[in-house]
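What follows is one structure encoded as structure tokens, with my remarks underneath.
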Amino acid sequence: MRIVEKSQLMSAPEIDRTLQRLAHEIVEKSGGTKNLALIGIVRRGVPLAQRIAQAMRGIDGVDVPVGVLDITLYRDDLSKVAPQAVLRSSNIPFGVDNMDLVLVDDVLYTGRTIRAAMNGLFDLGRPKRVSLCVLVERGHREMPIEAQYIGRSVQTSDTEIIEVRLREIDKEERVVLVDRVE
Amino acid sequence: MTHRFRDLLALEPLTADELTFLLDQSKPFQEIQRHPLKKLATLRGKTVALAFFENSTRTRISFGTAASRLGADTMNLQAEASSLKKGESLLDTVHTLDAMKPDCLVMRHAASGAADFVARHLDIPVINAGDGTHEHPSQGLLDALTIRDRLGTIANLNITILGDLQHSRVARSNIHLLGKFGCRFTLCGPAMWVPRELEKIGAPGVAIRRVFRIEEALEGADVVFVLRVQTERLHEPSISSEDYVLGYQLNSERQRRAKPTTIILHPGPINRGIEITPEVADGPQSCVLEQVTNGVAVRMAILYLLASGATEADAHPALEVKSKESANASD
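Protein chains in written order, with this note's numbering: chain A, 1 to 182; chain B, 1001 to 1331.
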């Protein structure tokens, strides 16, 4: 089995413009940045959340707090897909009670990651509202979960994988669609 | 960098990399201790067997708490109540426990090597919670985590260990772990408890010296481990408790021989007024309660790594076809 790149979905400038738009949408729909906080899901949700927060500073002049959440411990399929998966530190340095939280991740696929993330958040307190922001949404949901803020929606087949590569982690910046071929 | 473990029997065979990995994996569990809701479902449906053939309160409660915070169930075997009293062999007892299908076994035994022996006969992971005078790996890890949190590092420190070194598995686990990070050891206690052989227990190149005056042992120390003195061993003619207090008790006057930044660790339970005075045990340099808190975090990390059901067959996910869920998981 090989992994082949089928097409590029987003370039670096497109990612940048999309994040700017998402920042505007979140501020607009939330009626400002009061009580607003972003939670980046480890790993690629974290730099995305930080960049959205930076864009919000340009809009509202306010520093929106950014937390980091590792969902590994909350997965429902740990022993099946990730035996002895490496844990990374979560860091949510603010109380979540009565906050307006936006979960940020790179790709929305089955919805199981987001289910796990909500479990993690509710162990910390009772947020007023939780919404979801993703760079790419690709269908194939297995949970009743949808994103309120979507960078790009893509139709995909089951064998395809969307790879979001970010300069902070991958040393390159683009979104590609890859496929598994026998 | 990830590492895979089947059992946790001793720290001696682990590399510095593997030990660092275990300490790093404990960090997320330290955070969970601070959450208002501390219970996870990570090991839901798993069972952890706790077999304490030798009495223990804090280690058993700590492992039990770690298991329940991860959502696992526990089965408990305690020495006094067990069929060991009726003459059952160790192997028969653990085979019986194993037949109830736990997902891992945590065991303490008075015989050195007991956990290793059991691990060779069982397919499930075995975690050594103390075997004779051999090792107490989870204690060694929680001590190192406590030191790393307080001093920022576990590398190249001067470590002084006070008390009954001869019978201490805690001291051995500490030397095996910290020795791999370049720490130097000063062992101090009554001569019959600090035999010459102890100078050789570290890996080649680990500096271990014996000192018989506590004042000298404390000079230059970054970390002082005070070991629990088994009061049943304090009797004439070897050494009376009065003589022990006079010669080796850590009190505030002696503490001043060390640096103001020197931290004090004790594995508990403390004999106040014997090996340590209350002012020192409750003072700002004492880490005793942090050790207890960190113990739960370290044991959660150990259970997470060993009891989550990873078998040898799927121990290398990188070699397998990515499943649908992992393909776009966040990592």
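For glycine and all other residues, C-beta sits at the position ideal for the given N, C-alpha and C.
Item                                                                                                                      : Value
Segments of 3+ residues assigned as beta strand (DSSP E) that fall wholly inside the region 1195-1229 of chain B          : 1208-1211, 1223-1226
Contact the region 1275-1283 of chain B vs the region 1243-1252 of chain B: 3+ CB pairs below 8 Å                         : yes
Spatially closest choice to B:P1284 from B:A1301, B:G1295, B:I1263, B:I1302, by CA coordinates                            : B:I1263
Contacts of A:V86 in chain B (Cβ-Cβ under 7 Å)                                                                            : T1002
CB contact check: B:P1137 to chain A, cutoff 8 Å                                                                          : no
Segments of 4+ residues assigned as alpha helix (DSSP H) that fall wholly inside the region 1144-1199 of chain B          : 1169-1178
In chain order, each beta strand (DSSP E) run of at least 3 residues that lies wholly inside the region 64-139 of chain A : 66-69, 100-108, 129-137
Proximity test, Cβ basis, 8 Å: B:K1027 and chain A                                                                        : yes
9 Å Cβ cut-off: residues of chain E touching B:L1037                                                                      : Of the protein chains in the structure, A and B, none is chain E.
One or two residues paired with B:T1047 in a DSSP bridge                                                                  : B:D1073
Inter-residue Cα distance where the pair is B:V1170 and B:V1126                                                           : 19 Å
Chain B contacts made by the region 45-73 of chain A, where a contact means CB separation under 7 Å                       : G45, D70, I71, L73
Cutoff 8 Å: B:L1031 Cβ touching any chain A Cβ                                                                            : According to the sequence as given, residue 1031 of chain B is Glu; it is not Leu. At least one chain A Cβ lies under 8 Å of B:E1031.
Span of the alpha helix (DSSP H) around B:E1290                                                                           : 1288-1307
Contact list for A:S90 against chain B, beta-carbon separation under 8 Å                                                  : P1028, E1031
Alpha-carbon spacing of B:S1138 relative to B:M1100, whole angstroms                                                      : 25 Å
As assigned by DSSP and simplified to three states, the class of B:V1106                                                  : strand
Cβ of B:L1234 within 8 Å of any chain A Cβ                                                                                : no
Candidates B:R1006, B:L1023, B:E1018: closest to B:R1300 by CA position                                                   : According to the sequence shown, residue 1300 of chain B is Met rather than Arg. Taking only the C-alpha atoms, the option nearest B:M1300 is B:L1023.
Those residues which DSSP pairs with B:Y1248 across a bridge                                                              : B:Y1248 pairs with nothing; no bridge assigned.
Given 8 Å, three or more beta-carbon pairs between the region 1009-1017 of chain B and the region 81-101 of chain A       : no
Option in A:R165, A:Q148, A:S153, A:R141 with minimal Cα separation from A:E28                                            : A:Q148
For A:A37, the three-state DSSP class (helix, strand or coil)                                                             : strand
Backbone CA spacing between A:A116 and B:G1295 [nearest angstrom]                                                         : 26 Å
C-alpha gap between B:D1073 and B:G1309, whole angstroms                                                                  : 14 Å
Below-8 Å beta-carbon distance, B:L1040 vs any chain A residue                                                            : yes
Where B:D1017 falls, given that 16 or more other Cβ within 10 Å makes a residue buried                                    : exposed
Simplified DSSP assignment, three categories, for B:A1327                                                                 : At B:A1327 the pLDDT is 44, less than 50, meaning the model places this residue with poor confidence; the figure from the coordinates comes in the next sentence. Helix at B:A1327.
Whole-number beta carbon distance between B:Y1244 and B:T1042, since they are thought to touch under 8 Å                  : Contact doesn't hold; Cβ gap of about 45 Å is too wide.
Cβ-Cβ distance between A:L124 and A:I150 below 8 Å                                                                        : no
Simplified DSSP state of B:A1067, which is helix, strand or coil                                                          : helix
Assigned secondary structure, A:I3 (DSSP; H/G/I helix, E/B strand, else coil)                                             : strand
Cβ-Cβ distance between B:L1372 and B:L1177 below 8 Å                                                                      : An answer regarding residue 1372 of chain B cannot be provided, because it is not within the stretch 1001 to 1331 covered by chain B.
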